[in-house]
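Only one structure is covered here, and it is reproduced in the block below.
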Ligand SMILES: NC(=O)c1ccc[n+]([C@@H]2O[C@H](COP(=O)([O-])OP(=O)(O)OC[C@H]3O[C@@H](n4cnc5c(N)ncnc54)[C@H](O)[C@@H]3O)[C@@H](O)[C@H]2O)c1
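Residue numbers (this note's numbering): 14 to 316.
Shown next, in the form of structure tokens:
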């Protein structure tokens, strides 16, 4: 399915990224395994983590190299794209996945924890997407024809539903959604698709804290929150088969893949005269009188 393709997966030493890298390699891609080996809160570095995934892929008969750069560092992200090209001759697939959490509510979040989480997710996606997009455009121009490019980004349902304990993370993930949909529009003419997944899985991010109980592995039966449940979608989006799929958002976990609908402008009120505070109150007041304030992730189960 992915024979001859070169893929970069960021944050591929643990959790979802590791699972995506293994699945892409199993499907025939040569993989650059990026990870600086941070702890779950983003602190620390450990190159052995990415090396172990490279060894796992090569032991299974695949091809992979490690890259230990920081996705949110401009030069590291450029060297990540260069590593794919210098090691394997091209870049076809970029899976942006790296990140970490530092949860707190608006009451208690520090400036440092806001900046660090927005940096790793939003800027980390931007830097890698920026250098890959540049490479794809230059290559397409040199060839005089569109090429094969697949961008898969990673957001979270927190971007759609809100997450009161994660104002840094939810905002960064919402930015990733916007950036992916924009990239799909920009890169279309070069032959590059861009799609975004919103996974749920048991990883370092979810196996501790208040959500741990929800993500727990069952004693028997299907493991709904195993990371492996999410990776076939990533491989399919990376494949030639998904060539017409672009600008889409997918929620993925367990045995479900849900395509998120485009936002709709739901209820429109028009006025003959320009709106005033009084006429807004006369019109919107009765409308919202009937609705509950949004305090619960729009009532979506598990949000
Ligand atoms: N686990 C879930 O339920 C869930 C839900 C929604 C979204 N996500 C997203 O999925 C992605 C993967 O998360 P995970 O749950 O597998 O967590 P994880 O902690 O298991 O993996 C994240 C990986 O990113 C790496 N990383 C961190 N900072 C980096 C940096 N600056 N440069 C390169 N690598 C870096 C870490 O070393 C780690 O290996 C994240 O973007 C996360 O927000 C996860």
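C-beta atoms are modelled at their ideal positions from N, C-alpha and C, and glycine is treated no differently.
If you draw a straight line from the Cα of residue 149 to the Cα of residue 205, it comes to about 8 Å. From the listed residues 178, 92 and 25, the smallest Cα separation to residue 116 is found for 178. Taking a contact as a CB-CB distance under 8 Å, the pair residue 190 and residue 262 counts as one, their CB atoms being some 6 Å apart. About 5 Å separates the beta carbon of residue 87 from that of residue 140, a gap short enough to meet the 8 Å contact definition. Straight-line measurement puts the Cα of residue 75 at about 7 Å from the Cα of residue 39.
Under the three-state reduction of DSSP output, residue 208 falls in the strand class. Inclusion of residue 110 and residue 216 in the CB contact set at 8 Å is not warranted, their separation being larger than that value. For residue 212, the distance from the CB to the nearest heavy atom of ligand 1 is below 7 Å.
Across the set 127, 233, 232 and 50, the C-alpha of 50 shows the shortest separation from the C-alpha of residue 62. Separation of the CB atoms of residue 19 and residue 103 is rounded to 5 Å, and the pair is thereby assigned contact status at 8 Å.
Non-local beta-carbon contacts of residue 120 in its own chain, meaning distances under 8 Å to residues more than five positions away in sequence, are absent. For residue 218, the Cβ falls inside the 7 Å cut-off from some heavy atom of ligand 1.
Using a Cβ-Cβ distance cut-off of 8 Å, the stretch 237–245 and the stretch 254–261 are not in contact, since fewer than three pairs of beta carbons, one from each stretch, lie closer than that value. Rounded to whole angstroms, the Cβ separation of residue 122 and residue 180 is 6 Å, and the two are in contact under 8 Å.
Taking residue 168 as reference, the option from 135, 144 and 146 with the minimal CA-CA separation is 135. Considered as a whole, the stretch 181–225 harbours 205–212 as its complete beta strand (DSSP E) runs of no fewer than 3 residues, in chain order. At a Cβ-Cβ threshold of 8 Å, residue 137 and residue 112 count as neighbours. Under the three-state reduction of DSSP, residue 79 is assigned to strand.
In this structure, residue 90 sits away from residue 33, with a CB-CB distance that is not shorter than 8 Å. Taking the C-beta atoms as reference points, residue 201 is found no nearer than 8 Å to residue 161. According to DSSP, residue pairing for residue 162 in a beta bridge involves 205.
By the beta-carbon neighbour count (other beta carbons within 10 angstroms, threshold 16), residue 272 is exposed.
Distances taken from the Cβ of residue 110 to the heavy atoms of ligand 1 include one shorter than 7 Å. The beta strand (DSSP E) runs lying completely inside the stretch 59–135 and spanning 3 residues or more are 77–80 and 106–108, given in chain order.
Counting along the chain, residue 235 sits inside no beta strand (DSSP E), nor does DSSP assign it H or E at all.
For residue 231, the closest alpha carbon among the candidates 244, 212, 267 and 210 is that of 267.
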